[in-house]
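Chains as they are written, first to last, in our numbering: chain A, 1 to 74; chain B, 1 to 174.
Encoded structure:
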C-alpha cells in the first residue's frame, strides 16, 4: 500500500499514513499526464540533438574543421 | 536581501518501505521565502522520472513552467501550461546506478503574498557517467493568490525510494 509521509510544520509531528482513495485517483491522473508530457519532452530533446548533428554536418561540408565547428557550438 | 535559512519541521528521510508522497503541512506564514532541498530516487523501473510539486493540495490546472534541459550532449527547452502540478525535474529511477539520486532546490519567493506565485528550480541528476549529465533549470508559476501553507512532493512513477530526503527552509529578510 502506498503511503504518504506528512510533516506538520506547526507541531513538528511526522506521520506516515496510507493514501486516500482521492489521492490514489489523482496519482493515476498525474501518471497519465506525465506519460504524455515525457513523450513530448523526449521528442524535443531528440529534435534538438538531430538539428545539432545536421548543422554540424553542413558546416563540415562547407569545409570547417572539427575545432572550428566546436568553437561555433559553444 | 534574504540571508537566513531556518529549517521548518524535520528533514524527511524515506524508510525501507518507500513513500508515495512527502507532504509539508501547516507551513507558518512567518518567513519571506521558502526553499525545499530534495535528494530523490524512485522505485520505478526507469533511468529517471520526474518529481512534481503541488501547493496547498491544489491539483487544478493552475501550474505552468518554462524549462531549459541539458540532456547528455544536447540542450533543449520546453514548457507547459494549465498543468495540475509543477514538474520540478528528474530524479533517478530504479534502473540507474544503485545509491544515486537526483538533487534539486526549489525556491519560492514571497510565498505569503496576494500575487500569483513564481518558483525557481534547479535540478541535476546523479548519473555516474564519464561524459554525460542531466540538468534542468525551471521557472514555475502557480496561478493562485492565496498564501502557501502546504507543499507536496510526488514522483510521476513509482514511490520515493529509501534514503530519499526532503528538507524545508524558511528565509527571512535581513
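Every residue gets a Cβ at the ideal spot worked out from N, C-alpha and C, and that includes glycine.
Values in this document were obtained by computation on a predicted structure and should not be read as measured data.
Give a yes or no on whether the C-beta atoms belonging to residue i and residue j are separated by under 9 Å.
i	j	result
residue 151 of chain B	residue 51 of chain B	no
residue 81 of chain B	residue 30 of chain A	no
residue 138 of chain B	residue 66 of chain B	yes
residue 76 of chain B	residue 48 of chain A	yes
residue 36 of chain B	residue 5 of chain B	no
residue 168 of chain B	residue 9 of chain B	yes
residue 111 of chain B	residue 49 of chain B	no
residue 170 of chain B	residue 31 of chain B	yes
residue 103 of chain B	residue 38 of chain B	yes
residue 69 of chain B	residue 134 of chain B	yes
residue 131 of chain B	residue 73 of chain B	yes
residue 155 of chain B	residue 17 of chain B	no
Could you name the residues of chain B that residue i contacts, counting a contact when the two beta carbons are closer than 7 Å?
i	result
residue 76 of chain A	Lying before the first or after the last residue shown, residue 76 of chain A is absent from chain A, which here runs from 1 to 74.
residue 52 of chain A	74
residue 59 of chain A	What residue 59 of chain A touches in chain B: nothing, since even the nearest Cβ is about 16 Å away.
residue 19 of chain A	20
List, in chain order, every chain A residue whose beta-carbon is nearer than 7 Å to that of residue i.
i	result
residue 76 of chain B	44, 45, 48
residue 71 of chain B	45
residue 88 of chain B	Simply none; closest approach about 12 Å.
residue 59 of chain B	26
If you drop the 5 nearest sequence neighbours on each side, which residues of the same chain put their C-beta closer than 6 Å to that of residue i?
i	result
residue 16 of chain A	3, 5
residue 46 of chain B	93, 95
residue 27 of chain B	149
residue 7 of chain B	169
DSSP has residue i in a bridge; who is on the other side?
i	result
residue 64 of chain B	B/141
residue 166 of chain B	B/12, B/38
residue 58 of chain A	DSSP lists no partner for residue 58 of chain A.
Taking C-beta pairs closer than 8 Å, name the residues in chain A that residue i reaches, listed in chain order.
i	result
residue 177 of chain B	Residue 177 of chain B falls outside the range modelled here, since chain B spans only 1 to 174, and no answer is possible.
residue 28 of chain B	9, 10
residue 34 of chain B	By Cβ distance, chain A contributes nothing, its closest Cβ being about 10 Å from residue 34 of chain B, past 8 Å.
residue 93 of chain B	None at all; the shortest Cβ gap to chain A is about 12 Å.
residue 175 of chain B	In the structure as shown, chain B begins at 1 and stops at 174. Residue 175 of chain B is therefore absent and cannot be evaluated.
Going along chain B, which residues have a C-beta under 9 Å from residue i?
i	result
residue 12 of chain A	9, 10
In its own chain, which residues sit with a C-beta less than 8 Å from the C-beta of residue i, not counting the 5 before and 5 after it?
i	result
residue 64 of chain B	79, 80, 81, 82, 83, 140, 141, 143
residue 128 of chain B	96, 97, 100
residue 19 of chain A	1, 2, 3, 4, 27
residue 68 of chain A	59
Residues in its own chain within less than 7 Å of residue i by CB, not counting five upstream and five downstream?
i	result
residue 14 of chain B	160, 161, 162, 163, 164
residue 145 of chain B	114, 115, 116
residue 12 of chain B	22, 165, 166
residue 25 of chain B	150
Task: Whole runs of the beta strand (DSSP E) within the region 88 to 116 of chain B, excluding any shorter than 3 residues - done: 102 to 108
Task: Those runs of the beta strand (DSSP E) which lie wholly inside the region 14 to 43 of chain A and span at least 3 residues - done: 14 to 18
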